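Top to bottom, those sequences are chains A and B. Here the first sequence stands for residues 4 to 161, where the numbers follow this note's numbering. Here the second sequence stands for residues 4 to 161, where the numbers follow this note's numbering. Ideal placement from N, C-alpha and C gives every residue a C-beta, glycine not left out. Note that the structure is predicted; figures quoted are calculated from it, not measured. First up is the structure itself, then whatever we jot down about it.
Number of protein chains: 2
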Amino acid sequence: MRMGEGVEWGLHCCVTLGWLEDRAPVSIRRLAAWFDLPQEYLKKRLQALARAGILTSAPGVRGGWSLARPPERITVMEVVTALEGPLEPFQCTEIRRRGEGGRDAGGEFDQPCGISSMMRRAELAWRRELAGHTIADLMERAPAGARRTRRNYDRLVD
Amino acid sequence: MRMGEGVEWGLHCCVTLGWLEDRAPVSIRRLAAWFDLPQEYLKKRLQALARAGILTSAPGVRGGWSLARPPERITVMEVVTALEGPLEPFQCTEIRRRGEGGRDAGGEFDQPCGISSMMRRAELAWRRELAGHTIADLMERAPAGARRTRRNYDRLVD
Numbered sequence: 004m005r006m007g008e009g010v011e012w013g014l015h016c017c018v019t020l021g022w023l024e025d026r027a028p029v030s031i032r033r034l035a036a037w038f039d040l041p042q043e044y045l046k047k048r049l050q051a052l053a054r055a056g057i058l059t060s061a062p063g064v065r066g067g068w069s070l071a072r073p074p075e076r077i078t079v080m081e082v083v084t085a086l087e088g089p090l091e092p093f094q095c096t097e098i099r100r101r102g103e104g105g106r107d108a109g110g111e112f113d114q115p116c117g118i119s120s121m122m123r124r125a126e127l128a129w130r131r132e133l134a135g136h137t138i139a140d141l142m143e144r145a146p147a148g149a150r151r152t153r154r155n156y157d158r159l160v161d
Numbered sequence: 004m005r006m007g008e009g010v011e012w013g014l015h016c017c018v019t020l021g022w023l024e025d026r027a028p029v030s031i032r033r034l035a036a037w038f039d040l041p042q043e044y045l046k047k048r049l050q051a052l053a054r055a056g057i058l059t060s061a062p063g064v065r066g067g068w069s070l071a072r073p074p075e076r077i078t079v080m081e082v083v084t085a086l087e088g089p090l091e092p093f094q095c096t097e098i099r100r101r102g103e104g105g106r107d108a109g110g111e112f113d114q115p116c117g118i119s120s121m122m123r124r125a126e127l128a129w130r131r132e133l134a135g136h137t138i139a140d141l142m143e144r145a146p147a148g149a150r151r152t153r154r155n156y157d158r159l160v161d
């Protein structure tokens, strides 16, 4: 069970756009070259982030991509959900109701299945961690990355 | 991003085999009919659980499947991992090192990527919840399920 590669792309793009805030917008061509990613695939991921109100794009030759909100107000959870949909990997199809085992259950199945409830609580612990971190947190934890990013970007612009 | 249906099957089979401990082993034919599941697909899932030391199978006409350990000693995490592999959905391919952005990083990339570390910590919170619950916990939380299961099973045997 794997997330798509777009999650790594999206998170790195958000952090990078945060670091380059005063140089933004950043063109899709430059963002793709930044991480050596296929431009058209990356664009689809950025568009998903724009639909979620995380990124914004400006048209034109000097246009490109920027964060749509301050990085303090973009959680990792939002980025992941925009790219992967709701993080509820466990699939409950209510097999408890089916077949010979589920006969004559009376009102028992009015209650949620304990297995499903437990799996959902565990997923909630995961989502809570992702919701508790923002793009700003990730930016702050990598001061060397911020310096490298600005330095390399300014070299390109020159 | 979804777990396979086998996780629901495997967890319900473990709980059911726990409830039927004194009637076990339970034949694959009966377990499949219990939840109205395709017998051959279910068998592959049970074999994965046997390889992980969670279930055991006895051959012969009166053979079938049982828990290989007391249900207090089988965590939900073990069942999920046996069926899905390691729960590390986030894929880190180190795109930070690639392309124009990763140039002249010096020793920066000797440190783990902050994005990857944060995603792993969040996954750990999820796995910790799954590891903190056992098949015995799931059995205890559903006393009506235990009664229904034994009642329906004894009807079949009669």
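Cβ pair residue i, residue j closer than 8 Å
i	j	result
threonine 96 of chain B	leucine 133 of chain B	no
methionine 4 of chain A	methionine 122 of chain B	no
alanine 85 of chain A	alanine 51 of chain A	yes
phenylalanine 93 of chain B	valine 82 of chain A	no
alanine 108 of chain A	alanine 128 of chain B	no
arginine 153 of chain A	leucine 40 of chain A	no
glycine 148 of chain B	glutamate 111 of chain A	yes
tryptophan 12 of chain B	leucine 58 of chain B	no
glutamate 126 of chain B	glutamate 91 of chain B	yes
Euclidean distance between Cα positions of residue i and residue j
i	j	result
isoleucine 31 of chain B	threonine 19 of chain B	13 Å
aspartate 161 of chain B	serine 120 of chain B	With a pLDDT of 49 at aspartate 161 of chain B, under the threshold of 50, the predicted position of this residue should be treated as unreliable, though the coordinate-derived value follows. Between aspartate 161 of chain B and serine 120 of chain B, the C-alpha separation is close to 56 Å.
histidine 15 of chain A	arginine 99 of chain B	7 Å
arginine 144 of chain B	arginine 130 of chain A	24 Å
leucine 70 of chain A	arginine 124 of chain B	25 Å
proline 146 of chain B	glutamine 114 of chain A	12 Å
glycine 63 of chain B	valine 29 of chain B	12 Å
tryptophan 68 of chain B	glycine 56 of chain B	12 Å
serine 60 of chain B	leucine 49 of chain B	9 Å
arginine 158 of chain A	cysteine 116 of chain A	58 Å
cysteine 17 of chain A	glutamate 87 of chain B	30 Å
asparagine 155 of chain A	proline 89 of chain A	35 Å
methionine 80 of chain B	glycine 135 of chain B	8 Å
arginine 162 of chain B	alanine 53 of chain B	Because chain B here runs from 4 to 161, residue 162 of chain B falls outside it and cannot be looked at.
isoleucine 118 of chain B	aspartate 25 of chain B	49 Å
lysine 47 of chain B	threonine 137 of chain A	41 Å
glutamate 8 of chain B	arginine 65 of chain B	28 Å
Simplified DSSP state of residue i, which is helix, strand or coil
i	result
threonine 152 of chain A	helix
valine 29 of chain A	strand
threonine 59 of chain A	strand
valine 64 of chain A	coil
threonine 96 of chain A	coil
Run of the alpha helix (DSSP H) containing residue i, from where it starts to where it stops
i	result
threonine 19 of chain A	9–22
leucine 90 of chain A	No alpha helix (DSSP H) holds leucine 90 of chain A; DSSP gives it neither H nor E.
leucine 133 of chain B	117–134
leucine 40 of chain B	First-last for leucine 40 of chain B: undefined, no H or E at that position.
glutamate 143 of chain B	138–143
Enclosing beta strand (DSSP E) for residue i [first to last residue]
i	result
glycine 67 of chain B	67–70
alanine 108 of chain A	Segment: none, alanine 108 of chain A is in no beta strand (DSSP E) and carries neither H nor E.
Taking three-plus beta-carbon pairs below 8 Å as touching, is the stretch 98–110 of chain B in contact with the stretch 35–47 of chain A? Yes, the stretch 98–110 of chain B is in contact with the stretch 35–47 of chain A.
The stretch 65–75 of chain B in contact with the stretch 136–156 of chain B per 3-pair CB rule at 8 Å: Counting Cβ pairs under 8 Å, three or more are found: they touch.
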